[in-house]
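Residue numbers (my numbering), protein chains in the order written: chain A, 1 to 448; chain B, 1001 to 1343. Ideal placement from N, C-alpha and C gives every residue a C-beta, glycine not left out. Only a predicted model underlies this, so the values are computations on that prediction, with no experimental measurement involved.
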């Protein structure tokens, strides 16, 4: 037997309490979030810069952080304004963004995916960061991009070059200004064929992780399309330091080109080992043996020292470019820090400006409004010439630089020279290109 | 055949580094009974002795060259090394060029001093503690040293070239009747192997033919009895810690031109060196050297494409696989002594 005590008054009281209880979170949510995660409440808006401050890419991370600090200064109307004066969009006025002063917090990725996710999560949940930017590794970028998508935060990627970042792992909340492995291959291959001839046999050493795989696939496809043969592709562990046992087999492989799909310390060590083994002095198949490094960075060039001389590679940007945006940025960065910026620094500065500009144009910090403002956005004046943020995959399309280690550097900064500025049209590809297939951009997530 | 010879040569230089580090580890373990996880950091500090001397010798003053401009368009500052100014451009450049061999002399007192301070200041307080405590404290010390080096030198590898006279490579093939340009080996790696052989020989000779060495060996065999004879064995063991630090440091100095030094390089060698010590036999100096070369050569062979095509990933596990096999068949390692690390 059940005994019920339902009365009209009891039902009304219970209903009123339950209704108030249900309405309260909605009210609080609406007040604190305005429908999206970490909606700025006071007079500031907080950005989260997630860079490697410890670990093997810490120097690159510090250069990225310098660029972010400079960008924040310029957004708040301090300093000389840098590229704000050359940026084609004039939505930013140097008085913060949407009337709010820009503040920032930093996290340490340690170049580890789990640590990077943890620091990004902390900046979002504890510090109220409304946007996350940074990274010096594709593994980290893909991991943090996924987290930002779930959290309803915009992710403006720093240095990430794997095709997967805007390919199979692309996300609606993620945007990449940096170029990618496909673009490196498309820009570099014609120069390689022109300088070394179309009849070459290449041996690849490839870092065994997402970036290495896509870099190798891209440069192999691009060089084979121009007549080169691929003799072998050997995957090397990311933690490898001595590459001598991987380089020794190259001597007897019949290859006359060694392609080092390595980055950072891996590249410095493998190139040093290759030069020690006399590969660059060798004649094979009646041709001079050559070494190629598809992705260059200024800090790697510094680490490799004289071994870099004459070696071809590609970069996203160079401080030696002579456009007005580059000149303004180099002046601003060089005056503040005493040395020229790296291409990682430039992409981080540009990403911060692009985010702030998108918010200003959208009139909101809502991630979906910002995503809409960035999709299909065409701009100029940030150092790379006319650039498009493609809506299909959130990848920037712009000119790519083919670089060469300088034979006779004038000073310690003068390590790389521009061989060719490859036009944007040459590095463009269809959104459903097989190298970028398998992913789904999905829909923007505002969180909250 | 040529590929096999090349891999043997590769294994010898890799084995030289393992053997030198494992030798120092065994000296410390055999004398003080301490499992020193900071030994890799000593190897790294040795490499940074070479970096530091190179930087000191390259220390420059700046003059303004109005005919040139810097990256900001200002008149360029031209750097001239003090040694070039004092001794003339040719002699000065030669001194800088030979900074790595000169760093051998520079590093010995520094590394002995670091070893002495490390032992007296920290490690001696953990002699009677469990090995787990020793591992924790020395591993912590290694991280502190690593972070200090990173703070002052940055995280990027720093190029420290060998003297230009040793920068080329030797065509072994042409010397022994093979096709030219097939078996090529860098001069500096050959120098490294010869240097390692000399250092290992010197340590063995020191322990074998000097009174000090005899007392140390006696102390390693029976510490209590040597103490009862009125010999201050602790003092001698402290000196041995300094010598072991110097051996690790010398291995690092000469390794600097092979792979550009970075703050993390000690950790890369540490675990492998411990495996070498265990395979060689805890406390056995000849075992450490033999296992160093053996594992270096095996690791090199495992990296051959032919081997990897049969057993993918074997290059990453070969050392541990061999360690398991040896420890299963010879639980005390190759040349291990009875009673060491045994209840």
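Tell whether a beta-carbon distance below 8 Å holds between residue 201 of chain A and residue 231 of chain A.
yes
Taking one C-beta from the region 299-309 of chain A and one from the region 382-401 of chain A each time, how about it: are there three or more such pairs within less than 8 Å?
no
Tell me, please, whether the CB atom of residue 1237 of chain B is closer than 8 Å to any CB atom in chain A?
no
Give the residues from the region 238-263 of chain A that approach chain B closer than 8 Å (Cβ to any Cβ), ordered along the chain.
239, 241, 242, 244, 245, 246, 248, 249, 251, 252
8 Å is my cut-off, CB to CB: does residue 1054 of chain B come that close to chain A?
no
Please report whether the beta-carbon of residue 413 of chain A lies at a distance below 8 Å from any beta-carbon of chain B.
yes
Please return the same chain residues whose Cβ sits closer than 7 Å to the Cβ of residue 1003 of chain B, not counting the five positions on each side in sequence.
1304
For chain A, is any of its Cβ atoms less than 8 Å away from the one on residue 1107 of chain B?
no
Secondary structure at residue 424 of chain A, three-state DSSP: helix, strand or coil?
helix
Going by beta-carbon coordinates alone, are residue 1068 of chain B and residue 1299 of chain B separated by less than 8 Å?
no
Spatial distance of residue 59 of chain A from residue 1177 of chain B (CA atoms)
48 Å
Going along chain B in order, which residues have a C-beta closer than 8 Å to the C-beta of residue 343 of chain A?
Near residue 343 of chain A there are no residues of chain B at all, since even the closest Cβ is about 15 Å away, more than 8 Å.
Contact under 8 Å by Cβ, residue 248 of chain A with residue 1259 of chain B:
no
Looking at C-beta atoms only, is the number of pairs between the region 1182-1189 of chain B and the region 1270-1286 of chain B that lie closer than 8 Å three or more?
no
Taking the Cβ atom as the reference point for each residue, do residue 313 of chain A and residue 435 of chain A lie within a distance shorter than 8 Å?
no
Helix, strand or coil: which one does DSSP assign to residue 409 of chain A?
coil
Range covered by the alpha helix (DSSP H) that runs through residue 73 of chain A
58-75
Check whether residue 151 of chain A and residue 135 of chain A have beta carbons under 8 Å apart:
no
Among the candidates B/1317, B/1244, B/1251, whose CA atom is the shortest distance from the CA of residue 1032 of chain B?
B/1244
Report yes or no: is there a C-beta of chain A within less than 8 Å of the C-beta of residue 1184 of chain B?
yes
Mapping the DSSP letters down to three states, classify residue 91 of chain A as helix, strand or coil.
coil
Are any of the Cβ atoms in chain A nearer than 8 Å to that of residue 1097 of chain B?
no
Leaving aside the five residues before and after residue 23 of chain A along the sequence, list all residues of the same chain whose C-beta is less than 8 Å from its C-beta, in chain order.
Below a pLDDT of 50, predicted positions are generally treated as unreliable, and residue 23 of chain A, at 43, falls in that range; the measurement from the model is reported next regardless. Here the set comprises nothing.
Kindly indicate the opening and closing residues of the alpha helix (DSSP H) around residue 394 of chain A.
Note, residue 394 of chain A: premise wrong, no alpha helix (DSSP H); not H, not E.
Is residue 1005 of chain B helix, strand or coil by DSSP?
helix
Which parts of the region 319-393 of chain A are runs of the beta strand (DSSP E), unbroken and 3 residues or longer, counting only runs that do not cross its ends?
377-379, 387-389
Entirely enclosed alpha helix (DSSP H) segments - the region 164-192 of chain A, minimum 4 residues:
none
Contact check, residue 275 of chain A vs residue 303 of chain A under 8 Å by CB: the rounded distance?
Actually they are not in contact, since the Cβ atoms of residue 275 of chain A and residue 303 of chain A sit about 13 Å apart, beyond 8 Å.
Mind pulling the chain B residues with CB within less than 7 Å of residue 230 of chain A?
Simply none; closest approach about 14 Å.
Chain-ordered neighbours of residue 335 of chain A on chain B, where CB pairs are closer than 8 Å
1072
Considering residue 203 of chain A, what are the terminal residues of the beta strand (DSSP E) in which it resides?
201-207
Might you give, ordered along the chain, the residues of its own chain that have their beta carbon closer than 6 Å to the beta carbon of residue 337 of chain A, omitting 5 neighbours on each side?
66
Starting from the Cα of residue 48 of chain A, find the closest Cα among A/105, A/36, A/370, A/118 and give me that residue.
A/105
CB residue 379 of chain A to CB residue 88 of chain A, shorter than 8 Å?
yes
Residues of the region 1034-1046 of chain B with a CB closer than 8 Å to any CB of chain A: list them in chain order, please.
none
Smallest Cα separation from residue 1235 of chain B: which of B/1170, B/1120, B/1174?
B/1120
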